Structure formats: C-alpha cells, structure tokens
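A.B. asks: Each residue of the sequence shown is one higher than the last, beginning at 762 in our numbering.
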Amino acid sequence: MNWISTLIPNRCVLCQDTLPDSSGICAYCLPTVKLFDVAQWPNLLLRPDIQHQTQLSDCDGLFSCAWYEGSIATWLSAFKFQNQTHYLAALHTVLSQQFNRWQLLDSGSGIDSMHTIPLHPIRYFFRGYNQTAQLWQPIIPKANISTTLHRAHYTKPQTSLGKQARALNTNAAFTVKGDLRGKTIAILDDVITTGATMNAAARACKAAGAKTVWAMSVALTPISP
762 MNWISTLIPN
772 RCVLCQDTLP
782 DSSGICAYCL
792 PTVKLFDVAQ
802 WPNLLLRPDI
812 QHQTQLSDCD
822 GLFSCAWYEG
832 SIATWLSAFK
842 FQNQTHYLAA
852 LHTVLSQQFN
862 RWQLLDSGSG
872 IDSMHTIPLH
882 PIRYFFRGYN
892 QTAQLWQPII
902 PKANISTTLH
912 RAHYTKPQTS
922 LGKQARALNT
932 NAAFTVKGDL
942 RGKTIAILDD
952 VITTGATMNA
962 AARACKAAGA
972 KTVWAMSVAL
982 TPISP
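#1: Could you check what DSSP says for residue 810 in three-state terms: helix, strand or coil?
#2: Give me the Cα-Cα distance between residue 779 and residue 892, rounded to the nearest whole angstrom.
#3: For residue 831, name the three-state secondary structure that DSSP assigns.
#4: Please report the Cβ distance between residue 785 and residue 850, rounded to the nearest whole angstrom; I am assuming they are in contact, meaning their Cβ atoms lie under 8 Å.
#5: Output the distance between the C-alpha atoms of residue 953 and residue 771, rounded to the nearest integer angstrom.
#6: Looking at residue 939: is its Cβ nearer than 8 Å to the Cβ of residue 909?
#7: Could you check whether residue 826 and residue 797 sit closer than 8 Å to each other, using their CB atoms as the reference points?
#8: Taking just the CA atoms, how far does residue 789 sit from residue 971?
#9: In angstroms with no decimal places, state the Cα-to-Cα distance between residue 878 and residue 781.
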C-alpha cells in the first residue's frame, strides 16, 4: 500500500466502506447491482422487449450489463459528462464480471476483433478522451482491439434527438478502413438507447465484409412504449 492510498483510501461507491483494493465496489454491494441474466439471455437481441425497442437490424448479437438506471446510470452519467473518474473502477468491476460470465458460456469465442465506437475528432478535442475506450479498458487486453472503424462526419449529440432523428443523424456516419471479410466482430459502446448509432456502425462493418456483428454496451436505456 503506497502513501497516497494511506492518506486517501479506496472506498466503495455505494456504502463508502474502505476497500482493500481499487475495485471501486465492495463484495457486499456488488451483488446488489441489478444486471441482466447472461445465462438466460447470452444474446439480448432474442429478448422480445429489447428486440422491439432497439434498431439493431444489422447486428446479429447483443451483450450488455444492465438497464441504464439506478447506480449504473448514476455512475455512467457522472463519468461521461462530468469526468468523475472515481466511478470508473466500479464500472470496470461490473463490466469485467458480466463479460467474464458471458465468455464462460462460450458466447465470445469466435470474435475476431473488437471495435470501440469512435468519437469525431472535434468531439474528442473538446472532451479530451473517448469514454467508451476507457470503460472497456479491462476487456481490451483480452481481445484484439481494432482502430478500423472511423467517423465519416460530425453528428449531433444523440441525447437531444428523438428515435427517428437519431437514425437520420447517424446515417452513413461511419467508414471502415480495412478488410473485415468473413470476420465476426464486436462493436463496443457505453450506452445503447435506440441503437441507431450502433446499427450505423454495424452496417458499415457489414458493407466491409463482416460476417457477424455483436453489439456490446455497458448499459441499455429503457424506452417506454
């Protein structure tokens, strides 16, 4: 234990108890975070409610940790929009646990490469980081992370748009620089709402020859009927 951790101990983001490591959440609180049952639904696109609410017609599979609500929503929002990085450790712990469970089902054994949703250079300049790349950092060493996927043009923030506007906003938003012929790939994001951004990226990958595309996110936004 170094002198910094002695002066400023790691604490659980939920109960504030001191932690023996940098996991961000204690062993008592971690099971209280409500997550999707990956054993029952290793492919969330097969869930009728999720299939109905998302626009992921160019995706073949969907992995996500939880609904974008409760603690998960608080942590993601604070990290993404306020750069409160102390929530990042807890998100890493939750994502790693859920992804490892998913892998044990042999769901991801055939993935050839993984691609984070890229930020446009202008948005990256003002934000200073790609939140998706940071969120998925614990998974990156376990797979071949590719920089093949690129933003073709600047788009408005999706959070301010309705369902139809989101689809129009992301139309032809991505290009692929590389050969994906016959490959099974995963596209990583932080939150999927309607799926318009993810589907646009998947469509570009399919056009570049990808055989199978998995959409992956930390959370899914519940949408009222």
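Backbone N, C-alpha and C fix where the C-beta goes; we use that ideal spot for every residue, glycine too.
Nothing here was measured: the structure is a model prediction, and the numbers come from that model.
C.D. replies: So, from the data block:
#1: Correct three-state label for residue 810: helix.
#2: Approximately 26 Å, taken between the alpha carbons.
#3: Looking at residue 831 - three-state DSSP - the assignment turns out to be helix.
#4: Between residue 785 and residue 850 the beta-carbon gap is near 3 Å, inside 8 Å, which marks them as a contact.
#5: Taking C-alpha positions only, residue 953 is separated from residue 771 by approximately 30 Å.
#6: In this structure, residue 939 places its C-beta atom within 8 Å of the C-beta atom of residue 909.
#7: Between residue 797 and residue 826, the gap from beta carbon to beta carbon is short of 8 Å.
#8: The alpha-carbon separation between residue 971 and residue 789 amounts to approximately 42 Å.
#9: Here the C-alpha atom of residue 878 lies approximately 33 Å from the C-alpha atom of residue 781.
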